[in-house]
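Residue numbers (my numbering), protein chains in the order written: chain A, 1 to 337; chain B, 1 to 234. We put the CB at the ideal spot given by N, CA and C, even for glycine.
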């Protein structure tokens, strides 16, 4: 079976075709970063306007890349939430109508389930059950995963998402939007130990996160110090170290609490090199394994939506003729497969 | 020729199918629920006529102006239906559609269409019937404060007695629009209905204006966004 995946929940238009046996046959991505950079953040209306221009041309290209005609498809999957409602509606309306016109099932997909299952697109597939850390610009979640659709929420951010904290701190350091990855690059030149940032909420039990205080701490540090490139790099280093430490401490806690030794990390921040190194070291000590998708499947993409959609398609999902975008949609309300 | 017309640009959501000379129509006034209404409406008219999309000659979509999200729901559906069935598309203005309704229903030869554009402004267009019984724009569609309309109508030098006012703004901004002094407001024509897109769209197809599905794109009219760019990036 083959499925088309459409992702338009934020500022990336992602299209992919997934074959149950052969894997990803086509993968196209259009990033709107340039559109939003001048505004210092994603402008929802501009995001929607771009999706409605890009989605269908990318679908045409993906079909060409895969050397396929629409007759070869068995379903259309599209992100139905969570995300920006106007942006989601573009993918939903196009995806649902394509499925109707082709006479094949339509499969609404939960964006975070897409991220969570993305490591299964790689050769080394994690077995259930495992702990998943989902870290992106919009989410920071710790989830126990016992199977597809069997998600138990263990912890989440009570304020800023980890990626959001990266981008906001980068902005304070004078970096262009989205500055998170640039901040990480800058941190490579930083001096270990010059600054020490707090590890929020690690001094008490529980698996929730809070990152907005780190941003304030960064603002105060930047204000007090000189604005040399070295100082900026040192602040970037200390900030990144604090976020990664905090994430690591909570992951360890979650694994111990559940008695598991498999960890999946996904979402845009999971592309962070230092985070991967740190978690690999930790899992080695715990005699466990860490699994993550390749970088292009960490950030928003159509491949993960096609893959998650395929799991739901095989379980018999075929949406009604209506379509709905759900901007807020708790992951643990999904039905098990 | 056989065409399907769809529109979700305003508070109204509608589809119309022209098949072998017959019309099959659906219209619902139901804000915020177009994503639940539009495809079922399409499915109903196709089934009623006993036809499938591939047997049609083209798809006509409401291109705006109107609610940004609504316009895109209609266009997303138009893209999906047209691409999956290999149909060419043409876009029709929502304002022109209301003017066309005034012409077809009440023989108005000139119509001024105005709908709410939020932020205390209206989307507005003026149309006059041509020899093919199509209401054609006299000026480009614009967005402006309703108080400015009277002055703009004077510049057009049209005989106010012949003009029909259509669109919901004539009621929602009646106070601000009273200086326009139109004799006629067609109060029942408040929102575009897909069936009045059919004649306009059919003519456009005859004139060779049909394009491929991906080129189905909105005409927002309001193109400036209210978000501020960062200092130095303006």
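DSSP state of residue 161 of chain B mapped onto helix, strand, coil: helix
By a C-beta neighbour count over all protein chains shown, 10 Å radius and 16 as the cutoff for buried, is residue 270 of chain A buried or exposed? buried
For residue 139 of chain A, does the three-state DSSP call read helix, strand or coil? coil
First and last residue of the alpha helix (DSSP H) that includes residue 217 of chain A? Counting along the chain, the alpha helix (DSSP H) containing residue 217 of chain A begins and ends at 212-224.
Can you pull the chain A neighbours of residue 84 of chain B, defined as C-beta to C-beta under 9 angstroms? 70, 97, 98, 99, 100, 101, 102 and 103
Report the residue ranges of all alpha helix (DSSP H) runs contained in full by the segment 133-209 of chain B; include only those spanning at least 4 residues, in chain order. 149-156, 169-172 and 198-206
On the three-state DSSP scale, how would you describe residue 43 of chain B? Helix, per DSSP.
In terms of alpha-carbon separation, which member of A:133, A:272 and A:109 lies closest to residue 326 of chain A? A:109
Straight-line CA distance for residue 81 of chain A to residue 164 of chain B? 44 angstroms
Starting from residue 307 of chain A and walking both ways along the alpha helix (DSSP H), at which residues does that stretch end? 302-314
Could you check whether the Cβ of residue 202 of chain B sits closer than 8 angstroms to any Cβ belonging to chain A? no
What residues match up with residue 118 of chain B in a beta bridge as DSSP calls it? For residue 118 of chain B, which the question treats as bridged, DSSP gives no partner whatsoever.
Given a threshold of 16 other Cβ atoms within 10 Å of its Cβ, counted over all protein chains shown, does residue 5 of chain A qualify as buried or as exposed? buried
Interface partners of residue 321 of chain A on chain B, CB under 7 angstroms: 39, 40 and 43
So with CB distances below 7 angstroms, who are the chain B contacts of residue 57 of chain A? 214
Which residues in the same chain have their Cβ closer than 6 angstroms to the Cβ of residue 82 of chain B, if we skip the five residues on either side of it in sequence? Excluding sequence neighbours, residue 82 of chain B sits near 59, 89 and 213.
Compare the C-alpha of residue 154 of chain A against each of A:173, A:209 and A:127 and name the closest. Ranked by Cα distance from residue 154 of chain A, the options A:173, A:209 and A:127 are led by A:209.
Span separating the alpha-carbon of residue 214 of chain A from that of residue 244 of chain A: 12 angstroms
Go ahead and pull the three-state DSSP assignment for residue 2 of chain A. The answer is strand: DSSP assigns residue 2 of chain A an E or B state.
Return yes when the Cβ of residue 101 of chain B is within less than 8 angstroms of the Cβ of residue 200 of chain B, no when it is not. no
Short check: CB of residue 180 of chain A to CB of residue 197 of chain A, under 8 angstroms? The answer is no: Cβ separation not under 8 angstroms.
Show which residues of chain B have a CB atom less than 8 angstroms away from the CB atom of residue 324 of chain A. 35 and 36
Residue 124 of chain B in three-state terms, based on DSSP: strand
Tell whether a beta-carbon distance below 8 angstroms holds between residue 43 of chain B and residue 197 of chain B. no
Residues from the segment 50-81 of chain B in contact with chain A, defined by Cβ distance under 7 angstroms: 53, 68, 69, 72, 73, 75, 76, 77, 79, 80 and 81
Assign residue 13 of chain B to one of three DSSP states: helix, strand, or coil. Strand, per DSSP.
Verify whether the separation of the beta carbon atoms of residue 77 of chain A and residue 306 of chain A is less than 8 angstroms. yes
Can you grab the Cα-Cα spacing for the pair residue 35 of chain A / residue 224 of chain A, in whole Å? 33 angstroms
Specify, as a first and last residue, the run of the beta strand (DSSP E) that residue 19 of chain A falls within. 12-19
Using a threshold of 8 angstroms, state whether the C-beta atoms of residue 25 of chain B and residue 204 of chain B are closer than that. no
Going by the DSSP bridge assignment, what does residue 91 of chain B pair with across the sheet? B:61
Contact set for residue 168 of chain A: own chain, Cβ-Cβ below 8 angstroms, skip 5 residues either direction: 160 and 215
Helix, strand or coil at residue 70 of chain A according to DSSP, with G and I counted as helix: Reduced to three states, the DSSP call for residue 70 of chain A is helix.
Please state whether DSSP places residue 203 of chain A in a helix, a strand or coil. Coil at residue 203 of chain A, not helix or strand.
In whole angstroms, what is the alpha-carbon distance linking residue 91 of chain A and residue 152 of chain A? 28 angstroms
So that I know if they touch, is there some Cβ in chain A lying closer than 8 angstroms to that of residue 17 of chain B? no
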